[in-house]
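FYI, the numbering used here numbers position 116 of the sequence shown as 104, with every residue one higher than the one before it.
Notes follow once the structure below has been shown.
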Amino acid sequence: MVKKDATDGERLCTFIKKNLIDDDLWPEFSSALIATGRDKEWRLFVEEVISTQLTGRLVSSGKSIAEDLGGKKFILTLQFEQRMKSLIDETTRGGLGNRDVKARLTDLTTNAVLATYETLKAADDKLIRTEAGRVPQCFLCNRRLVMVKGAAVRELSEDERQLAVEVEHVWPRSYGGNTIAENLAFACHGCNQRKENYANWAMVDSQSFILGWNPDTDDLQEVPGWRRFALTSWRAHQIAENGSLTLKQAFFRLTSVVLDRPRVMRLADAADFFNITNHTEID
Ligand SMILES: [Zn+2]
């Protein structure tokens, strides 16, 4: 099964993963790493980093082109298309022999650039407010939100302010995340700040997420917010892939505790990123 892509940015990212990364090399890569016991995880990591990184680069460069031409309304012009095509040639070093792949990549990038211009529609705002009868809770830490926005936030105490509601793009806008109900969820101010602008777990410098051999509880307490987000996001990606769900649906299956202490999963195995967790799953 594959993850259900809710946004144009994710569709671009999935296309890159499938068409721009040479699949024939994976068996060699995996067998070179088999003795690490994390070969599958490293492969996913490399795939995720490359495809997400390239998605971000294409969207951001495409947006610069649009702005250079005069804004959103120039995106569907021939001028934009031509500049996008040469950008893609440059970015991929002319390595896309297949013309269909290049055309599709241009279309998908164009859609993802358009997505960055979307604004919240009243209907979507209403939908996420009433979603599935859930009490208004943060999709990252599941704590109950303080439903106060704008100037009124200043009246709140420091603790309440951390829980003030913010509308968050599950797949970030800068990576082509649409402003639609399927990609928006409520987050608390605290989590939203800690998540920063990362698209997924592999972007969160998790390659250096090593806490030494069998970290003690103090070490785990020191794990910063963006890495805690990485732990939850990693599991959400797996759940989305295994169940053909959107990222948002997958996040909703987790009672993540982004603000709480991560823990080691298999105590007999020293704890690196792939052996630490900070959530439980809803059946
Ligand atoms: Zn939160």
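All C-beta atoms in this analysis are idealised placements derived from N, C-alpha and C, irrespective of residue type, glycine included.
message = Check for me: the beta strand (DSSP E) holding Cys176 runs from which residue to which?
response = 172 to 176
8 Å contact criterion, which Leu164 and Asp(-4) should meet: CB distance rounded = Leu is not the amino acid found at residue 164; the sequence shown has Gly there. With 8 Å as the limit, Gly164 and Asp(-4) qualify as a contact, their Cβ atoms being about 5 Å apart.
query = Mind listing, in chain order, the residues whose beta carbon lies closer than 5 Å to a non-hydrogen atom of ligand 1?
reply = Cys126, Leu128, Cys129, Cys176, Cys179
key: Presumed contact (8 Å Cβ cut-off) between Val153 and Leu235, rounded CB distance   = At roughly 20 Å, the Cβ-Cβ gap does not stay under 8 Å, so Val153 and Leu235 are not in contact.
ask   = If we call anything under 9 Å between Cβ atoms a contact, is Asn185 one with Ser221?
value = no
query = Between the C-alpha atoms of Ile270 and Leu64, what's the straight-line distance to the nearest angstrom?
reply = Going from the Cα of Ile270 to the Cα of Leu64 covers about 43 Å.
request  = Indicate the three-state DSSP secondary structure (helix, strand or coil) for Val155 in the structure shown.
outcome  = Val155 sits in a strand when the DSSP states are folded into three classes.
Contiguous beta strand (DSSP E) assignments of at least 3 residues, all confined to the segment 63 to 106 = You should have found no qualifying run.
task = List the endpoints of the continuous beta strand (DSSP E) containing Thr268.
result = 267 to 269
request  = Could you name the residues of the same chain whose beta carbon sits closer than 7 Å to that of Val89, not counting the 5 residues immediately before and after it, in chain order?
outcome  = Asn7
request  = Would you mind stating whether Lys28 and Ala228 have Cβ atoms separated by less than 9 Å?
outcome  = no
ask   = For Phe17, which of Val34, Phe3, Cys1, Lys5 has the nearest alpha-carbon?
value = When only C-alpha atoms are compared, the closest one is Val34.
ask   = Taking the alpha helix (DSSP H) that Leu42 falls in, what are its first and last residues?
value = For Leu42, the uninterrupted alpha helix (DSSP H) run begins and ends at 27 to 57, by DSSP.
inquiry  = Please classify Ile15 as buried or exposed, where buried requires at least 16 neighbouring CB atoms within 10 angstroms.
reply    = The question names Ile, yet the displayed sequence has Pro at residue 15. Answer is exposed; the Cβ neighbour count stays below 16.
query = Taking contact to mean at least 3 C-beta pairs separated by less than 8 Å, is the segment 164 to 177 in contact with the segment 100 to 120?
reply = yes
query = With a CB to CB cut of under 8 Å and the five nearest residues on each side skipped, what residues in its chain are close to Glu69?
reply = Thr94, Thr98
query = When DSSP builds the beta bridges, which residues end up paired with Ile264?
reply = Val252
Close beta carbons around Arg254, own chain, < 8 Å, minus the five adjacent residues each side = Sequence-distant partners of Arg254 (beyond 5 residues in either direction) whose C-beta falls short of 8 Å from its own C-beta, in its chain, are Asn263.
task = Using the DSSP secondary-structure output, state which residues sit across from Gln125 in a beta bridge.
result = Arg132
Proximity to Thr24 [Cα-Cα], best of Arg45, Asp257, Thr268, Asn266 = Asp257
Spatial neighbours of Pro160 in its chain, beta-carbon cut-off 8 Å, leaving aside the 5 residues before and after = Gly(-3), Asn185, Tyr186, Ala187
ask   = The alpha helix (DSSP H) with Ala13 in it runs from where to where?
value = A small correction: the amino acid at residue 13 is Leu; Ala does not occupy that position in the sequence shown. Taken as a continuous stretch (DSSP letters only), Leu13 belongs to no alpha helix (DSSP H), as it is neither H nor E.
query = Taking the alpha-carbon positions, what's the Ile4 to Thr43 distance?
reply = 8 Å
ask   = In whole angstroms, what separates the C-alpha of Arg(-1) from that of Trp214?
value = 24 Å
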